[in-house]
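Read left to right, the sequence shown gives residues 11 to 281 (our numbering).
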Amino acid sequence: MSRRRRGGHGGGGGHEGPDERWMASYMDMVTVLMCLFIVLYAISTVDQTKYEQLAASLATGFGQEASDTVDTAAGTVVPAELVQEQTGGLTTYELAQNEVEQLVELREAMSARLEEQGAADAVEFLIDERGLIVRLVGTETFFDTNQAALSPVARIVLDAVGPPLARSGYELAVEGHADTRPPRAPFPTNWELSSARSTEVLRLLIQRGVPANLISAVGYGDARPLSAGSAPQDLAQNRRTDIVVLSSSPEEVRALFDAALADLEAVMAAG
């Protein structure tokens, strides 16, 4: 006797064998249970600090807590107490004051050495949002016309400022600038001339102890003049080489350098 087909009589398109659609629901349930056990295991061994960071991040992400301080690199909220730990409990302005004091100390150390060598007038110092700029004033003092070789005066100046810069631990950028007059051979443009001069300064500073991984050189040609005039004094002002002591502080701290410097100079003048 033949077995009767399920799903109807006769010969029209019946389903062979048992109905196994229940297996899909069963597998979904097993998957959910497996995920549950994984989560339970993870919670049982969670790092408390990471858990608190995750909780804070999720709370802020879902709009449960307002936060103005977010660690965008890690994607988590930085709680207020952790911000205090990272900054030593200092405000942004106090951080600016601390670094300005360090930059002023570095400036004074270089100034003292320049005074000893009788070369104080050859250098200008400027503190701005980038850090401390050591400006070699008047290119002719440091280089012959259309030449990149350092003059004897330049070597005296760099011998004076080199050791304090080397001890500072700051990153340095040597920036060469030229006026708008076209150069002569061997430099086809002011870009090559300014780059060659900044490289010569870099080489001597490395010889005086500045770590090679903390210093770089660049030439800006005549693209960044300090003065737009064409008088001899304007051209001389634009022919310069700057050694920039680069601050690594956040932008919001560096934006307060001018105010912090004014306050510090007022205190120094009063006292």
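Cβ coordinates follow ideal geometry from the N, Cα and C atoms, glycine included.
Name the residue from T155, T199, N248, Y36 whose alpha carbon lies nearest to the alpha carbon of E185. Mapped onto the sequence shown, residue 185 falls at position 175. The shortest Cα separation from E185 among T155, T199, N248, Y36 belongs to N248.
Among the residues of its own chain, which have a CB less than 6 Å from the CB of E210, if the five just before and after it don't count? On the sequence shown, residue 210 is found 200 positions in, with the first residue counted as 1. For E210, where only same-chain residues beyond five positions count, the Cβ hits under 6 Å are A158, L160.
Could you tell me the boundaries of the alpha helix (DSSP H) in which A183 lies? Locating residue 183 in the sequence shown gives position 173, counting from the first residue. That residue, A183, is in no alpha helix (DSSP H); its beta strand (DSSP E) goes 181-186.
Please work out which residues of its chain come closer than 8 Å, Cβ to Cβ, to S240, disregarding the five sequence neighbours upstream and downstream, and give them in chain order. Within the sequence shown, the letter at position 230 stands for residue 240. Excluding positions up to five away in sequence, the list reads T190.
Please classify L203: does DSSP put it in a helix, a strand, or coil? Indexing the sequence shown from 1 puts residue 203 at position 193. Correct three-state label for L203: helix.
Along the chain, where does the alpha helix (DSSP H) that runs through S178 open and close? Here residue 178 is taken as the residue at index 168 of the sequence shown, counted from 1. It spans 162-178 - the alpha helix (DSSP H) in which S178 sits, taken as one unbroken run.
Looking at the secondary structure, which residues open and close the alpha helix (DSSP H) in which D244 lies? Stepping through the sequence shown from its first residue, residue 244 is reached at position 234. Unbroken alpha helix (DSSP H) run through D244: 242-248.
Hey, would you say V254 sits closer than 8 Å to R117, going by beta carbons? The count along the sequence shown starts at 1 and reaches residue 254 at position 244. The count along the sequence shown starts at 1 and reaches residue 117 at position 107. No, Cβ-Cβ distance for V254 and R117 is not below 8 Å.
Beta-bridge pairing of A159 - partner residues as DSSP gives them: For this step, residue 159 is matched to residue 149 along the sequence shown. Paired residues: none, contrary to the question.
Beta-carbon proximity list for S237, same chain, < 7 Å, skipping 5 on both sides: The count along the sequence shown starts at 1 and reaches residue 237 at position 227. D244, Q247, N248.
Measure how close the beta-carbons of A183 and L256 come, nearest whole angstrom, since I'm counting them as under 8 Å. For the purposes of this step, residue 183 is taken as residue 173 along the sequence shown, with counting starting at 1. For the purposes of this step, residue 256 is taken as residue 246 along the sequence shown, with counting starting at 1. Correct: roughly 6 Å between the Cβ atoms.
Locate the beta strand (DSSP E) running through E30, then write down its first and last residues. As a working mapping, residue 30 is identified with position 20 in the sequence shown. Note, E30: premise wrong, no beta strand (DSSP E); not H, not E.
From the DSSP output, in three-state form, read off L113 for me. Start at 1 with the first residue of the sequence shown, and residue 113 comes out as number 103. Reduced to three states, the DSSP call for L113 is helix.
Measuring alpha carbon to alpha carbon, tell me which of V163, L214, Y230 ends up nearest Q127. Residue mapping note: residue 127 aligns to position 117 of the sequence shown, counting from 1. Closest in C-alpha terms to Q127, from the list V163, L214, Y230, comes V163.
Check whether the Cβ atoms of R123 and A176 lie closer than 8 Å to each other. Indexing the sequence shown from 1 puts residue 123 at position 113. Indexing the sequence shown from 1 puts residue 176 at position 166. Taking 8 Å as the Cβ cut-off, R123 and A176 do not qualify as a contacting pair.
Where E30 and Y36 are concerned, what is the direct C-alpha to C-alpha distance, given to the nearest angstrom? Against the sequence shown, residue 30 aligns to sequence position 20. Against the sequence shown, residue 36 aligns to sequence position 26. Their backbone Cα atoms lie some 10 Å apart in a straight line.
Just reading off the alpha helix (DSSP H) that E262 is part of, what are its end residues? Position 252 of the sequence shown, counted from the first residue, corresponds to residue 262. Unbroken alpha helix (DSSP H) run through E262: 261-264.
Checking 8 Å against the spacing of the C-beta atoms, do L266 and I137 come in under that value? Here residue 266 refers to the residue found at position 256 of the sequence shown. Here residue 137 refers to the residue found at position 127 of the sequence shown. Contact flag unset, no.
Does T101 pass the burial test, meaning 16 or more other C-beta atoms within 10 Å, or should it be called exposed? Start at 1 with the first residue of the sequence shown, and residue 101 comes out as number 91. Under this definition T101 is an exposed residue.
Going by the DSSP bridge assignment, what does D145 pair with across the sheet? If you number the sequence shown from 1, residue 145 lands on position 135. Reading off the sequence shown, one finds Arg at residue 145, where the question assumed Asp. DSSP, once it has assigned bridges, lists E134, D252 as partnering R145.
How should V49 be labelled, buried or exposed, when 16 other C-beta atoms within 10 angstroms of its C-beta is the threshold for buried? Stepping through the sequence shown from its first residue, residue 49 is reached at position 39. Label assigned to V49: exposed.
Does the distance from the C-beta atom of D268 to that of R145 stay below 8 Å? On the sequence shown, residue 268 is found 258 positions in, with the first residue counted as 1. On the sequence shown, residue 145 is found 135 positions in, with the first residue counted as 1. Their beta carbons are not under 8 Å apart, which means D268 does not touch R145 by this criterion.
Excluding five sequence neighbours on each side, which residues of the same chain lie with their C-beta closer than 7 Å to the C-beta of S259? Taking the sequence shown and counting its residues from 1, one reaches residue 259 at position 249. Correct list, in chain order: L105, E109.
Which partner residues of I225 appear in the DSSP bridge assignment? For the purposes of this step, residue 225 is taken as residue 215 along the sequence shown, with counting starting at 1. According to DSSP, which records beta bridges pairwise, I225 is partnered with L182.
Indicate the three-state DSSP secondary structure (helix, strand or coil) for F197 in the structure shown. The residue labelled residue 197 in the question sits at position 187 within the sequence shown. In this structure, F197 counts as coil in the three-state DSSP scheme.
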